[in-house]
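S.K.: Please see the structure below; I have some questions.
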């Protein structure tokens, strides 16, 4: 049984191959009369070629072949045209358990190592605000014997800090595992707005 060779470049190919691994010539369908070119094996060996010109073709992100703009998929490997517009997301670089441990140290660290940088920065800022407010309230105790009218504010920011640390551990672990967070970014934003509103009301009263 003779070896099967590509009619375009002469490379050895498998008997059931649909396209050449060297020149990416397709074996699935006959060449189009408009885009067929003669290969080195003779004028009878013709394969389909994408039209030339930078404005008339799109390049496949999988096999790097050029295709017509009206093609819905790559003519060589079948990759859909929509793959060109998909965002590339870097995989997490830490385990869920490690992300939870980092989040215990500081809310947002687990998200940071899970490559959720925007969510991590939001938690850094919120944690710094809560910790700063607690420090100011504790440092300004009335005669060192109590919080006086600032007691409700201390309770409010203390509860907010506890909730933030708990949420950071849970969602940091889920972020490293590639799961949907329990508290979404929108819910986190509304929680911040509510905290600001309550702190203003309690400060006024």
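Residue numbers (my numbering): 139 to 343. By construction, the Cβ of each residue, glycine as well, lies at the ideal position given by its N, Cα and C atoms.
Would you kindly work out how many angstroms separate the C-alpha atoms of residue 316 and residue 235, rounded to a whole number?
M.R.: Looking at the two C-alpha atoms, the distance is approximately 13 Å.
S.K.: I'd like to know if the segment 239-247 and the segment 304-313 are in contact, where contact means that at least 3 CB-CB pairs between them fall below 8 Å.
M.R.: Output reads yes: the segment 304-313 touches the segment 239-247.
S.K.: If I measure Cβ to Cβ from residue 142 and keep anything under 8 Å in the same chain, skipping five residues before and after, which residues do I get?
M.R.: Same-chain partners within the cutoff: 150, 151, 152, 153, 155.
S.K.: Please report how far the alpha carbon of residue 164 lies from the alpha carbon of residue 252, in whole angstroms.
M.R.: Rounded to the nearest angstrom, the two C-alpha atoms are 41 Å apart.
S.K.: Which of helix, strand or coil does DSSP assign to residue 213?
M.R.: Coil at residue 213, not helix or strand.
S.K.: Spatial neighbours of residue 288 within its chain, please: C-beta separation below 6 Å, excluding the five flanking residues on both sides.
M.R.: For residue 288, where only same-chain residues beyond five positions count, the Cβ hits under 6 Å are 275.
S.K.: Does the beta-carbon distance from residue 337 to residue 291 come in below 8 Å?
M.R.: Contact: yes.
S.K.: In angstroms, rounded to a whole number, what distance separates the CA positions of residue 214 and residue 162?
M.R.: The alpha-carbon atoms of residue 214 and residue 162 are separated by roughly 7 Å.
S.K.: In the DSSP output, which residue or residues are listed as bridge partners for residue 164?
M.R.: According to DSSP, which records beta bridges pairwise, residue 164 is partnered with 157.
S.K.: Does the beta-carbon distance from residue 248 to residue 313 come in below 8 Å?
M.R.: For residue 248 and residue 313, yes; Cβs fall inside 8 Å.
S.K.: Would you report the Cα separation of residue 271 and residue 329, rounded to the nearest angstrom?
M.R.: Rounded to whole angstroms, residue 271 to residue 329 spans 16 Å at the Cα level.
S.K.: Under DSSP, the alpha helix (DSSP H) around residue 297 begins and ends at which residues?
M.R.: From DSSP, the alpha helix (DSSP H) with residue 297 extends over 289-314.
S.K.: For residue 232, is the classification buried or exposed, using 16 other Cβ atoms within 10 angstroms of its Cβ as the cut-off for buried?
M.R.: It is buried - the Cβ of residue 232 has at least 16 other Cβ atoms within 10 Å.
S.K.: Starting from residue 254, trace the beta strand (DSSP E) both ways and give me its first and last residue.
M.R.: From DSSP, residue 254 is part of no beta strand (DSSP E); its letter is neither H nor E.
S.K.: Starting from residue 197 and walking both ways along the beta strand (DSSP E), at which residues does that stretch end?
M.R.: Start and end: 195-197.
S.K.: What does a CB cutoff of less than 6 Å around residue 210 pick up in its chain, not counting 5 residues either side in sequence?
M.R.: Around residue 210: 219.
S.K.: Note down, in chain order, each residue of its chain lying with its Cβ closer than 6 Å to the Cβ of residue 333, except the 5 sequence neighbours on either side.
M.R.: Excluding positions up to five away in sequence, the list reads 298.
S.K.: Buried or exposed: residue 273, going by 16 or more other Cβ atoms within 10 Å of its Cβ?
M.R.: Exposed.
S.K.: Between 323, 335, 197, which lies nearest to residue 261 when the distance is taken from Cα to Cα?
M.R.: Taking only the C-alpha atoms, the option nearest residue 261 is 323.
S.K.: On a Cα-Cα basis, can you pick out the residue from 256, 327, 326, 294 that is closest to residue 269?
M.R.: Minimum Cα distance to residue 269 is reached at 294.
S.K.: Three-state secondary structure (DSSP) at residue 142?
M.R.: If DSSP states are grouped into helix, strand and coil, residue 142 belongs with coil.
S.K.: Kindly list the residues whose CB is nearer than 8 Å to the CB of residue 159, restricted to its own chain and excluding five residues on each side of it in sequence; keep chain order.
M.R.: Closer than 8 Å at Cβ, skipping near neighbours: 149, 151.
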